[in-house]
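Take a look at the structure set out below.
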Amino acid sequence: MAQQNGSLPALATQPKAIFFTDFDGTITLQDSNDFMTDHLGYGAELRKKGNQDVLFGKRAFRDSFQEMLDSVKTPFDQCVATLLANVQLDPCFAEFFRWSREHNVPVVVLSGGMQPIIRALLAHLVGEEAVQHMQIVSNDVVPRPGKSINEDDGWDIKFHDDSHFGHDKSLEIKPYAALPNRPILFYAGDGVSDLSAAKETDLLFAKAGRDLVTYCEKEKVPFVTFNDFSDIHKIVADVVEGRTTVKEAAKGRL
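Its first residue numbered 0, the sequence shown is counted upward by one per residue in numbering that gives the first Met the number 0.
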């Protein structure tokens, strides 16, 4: 087990369950990358068309996402400032996170977004101390050749891996799923960046009215919808404390 803990940090406390989650549009009410694209880049219409192309298999997420972010020429520090002023936390996440720490349910953030933005928003919204207790696996940001990230058109996304997702979230989950006598695995998400993770956990929470619900129904992936983290909190607590099972909880659209 010690060797497993070295490569699988969420096992360090020998939890009964692990909660994997998307960040943008799941922990937050707004998607930071969508917000930048809509307000600082080429706009919502082209972004939504790209998302639909990914959802129905016409384009790779990595290519669509790269195109989105390439349209944002604003210096990176100004992008972060804009997001801090406009992106809000799910009003029930902080209470869920407090419960998860008290009940030894590690929260692992798997994001298609960029690490500096995620950390800045989480520190702003839930506090720096809380961020220290979250494992965050995401893409990153790098300067363009000959530039600083805080110049006009000075930054670029650095993808986490070489997959057509840019960050294949399933790669983080699969080693846990392959363990004998493993913890219960949950995942929460909302959109096209979550497609790779959708089939990998015991119970999938898909945000009501978002693209992930469409995908799950199209691909016949068991799931349950949520409106905010109070819905997730109740179901996770019921499963962890033995009042229901993951199979019983996967009720689709509620």
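Ideal Cβ positions, reconstructed from N, Cα and C, are used throughout, including at glycine.
Source: prediction; values computed, not measured.
CA nearest to the CA of residue i, picked from the options
i: residue 191; options: 247, 111, 240, 239; result: 111
i: residue 66; options: 43, 145, 79; result: 43
i: residue 151; options: 78, 104, 19, 92; result: 78
i: residue 161; options: 59, 225, 133, 127; result: 59
i: residue 130; options: 252, 253, 26, 240; result: 26
i: residue 55; options: 217, 221, 232; result: 217
i: residue 165; options: 113, 19, 37; result: 113
i: residue 240; options: 102, 90, 13, 70; result: 102
i: residue 290; options: 149, 92, 180; result: Nothing about residue 290 can be read from this structure; the chain reaches only from 0 to 253.
i: residue 142; options: 212, 73, 253; result: 73
i: residue 20; options: 203, 253, 221; result: 203
i: residue 12; options: 167, 99, 138, 220; result: 99
i: residue 257; options: 37, 134, 16; result: Residue numbering for the chain in the displayed model covers 0 to 253; residue 257 lies beyond these limits and cannot be assessed.
i: residue 69; options: 39, 84, 219, 149; result: 39
i: residue 37; options: 22, 53, 81, 57; result: 81
i: residue 221; options: 232, 251, 41, 148; result: 251
i: residue 232; options: 14, 52, 94; result: 94
i: residue 41; options: 115, 133, 167, 71; result: 71
i: residue 22; options: 9, 135, 64; result: 135
i: residue 149; options: 115, 57, 253; result: 115
Three-state class that DSSP yields for residue i in the structure shown
i: residue 40; result: coil
i: residue 104; result: coil
i: residue 114; result: helix
i: residue 137; result: strand
i: residue 95; result: helix
i: residue 53; result: helix
i: residue 248; result: helix
i: residue 0; result: Residue confidence for residue 0 is low, a pLDDT of 32 falling below 50, so the modelled location carries little weight; the figure read from the coordinates is stated next. Three-state DSSP puts residue 0 in coil, outside helix and strand.
i: residue 18; result: strand
i: residue 109; result: strand
Proximity below 8 Å, CB of residue i to CB of residue j
i: residue 140; j: residue 117; result: no
i: residue 199; j: residue 186; result: yes
i: residue 230; j: residue 209; result: no
i: residue 46; j: residue 33; result: yes
i: residue 175; j: residue 28; result: no
i: residue 235; j: residue 104; result: yes
i: residue 96; j: residue 108; result: no
i: residue 178; j: residue 197; result: no
i: residue 145; j: residue 75; result: no
i: residue 201; j: residue 89; result: no
i: residue 137; j: residue 159; result: yes
i: residue 120; j: residue 83; result: yes
Beta-carbon separation (whole angstroms), residue i vs residue j, contact threshold 8 Å
i: residue 194; j: residue 214; result: 6 Å
i: residue 249; j: residue 238; result: Wrong, their Cβ atoms sit about 11 Å apart, outside the cutoff.
i: residue 86; j: residue 169; result: Not quite, the Cβ-Cβ distance comes to about 26 Å (not below 8 Å), so this is no contact.
i: residue 24; j: residue 206; result: 7 Å
Check: Curious, which full-length beta strand (DSSP E) runs of at least 3 residues does the stretch 180-245 contain?
Finding: 183-188, 202-206, 223-225
Margin query: Just to confirm the assignment: which complete alpha helix (DSSP H) runs, minimum length 4, are found wholly within the stretch 56-92?
Written below: 60-69, 75-85
Next item on the list: Return the chain-ordered ranges of every alpha helix (DSSP H) run that is complete within the stretch 125-173 and spans a minimum of 4 residues.
Entry: 127-130
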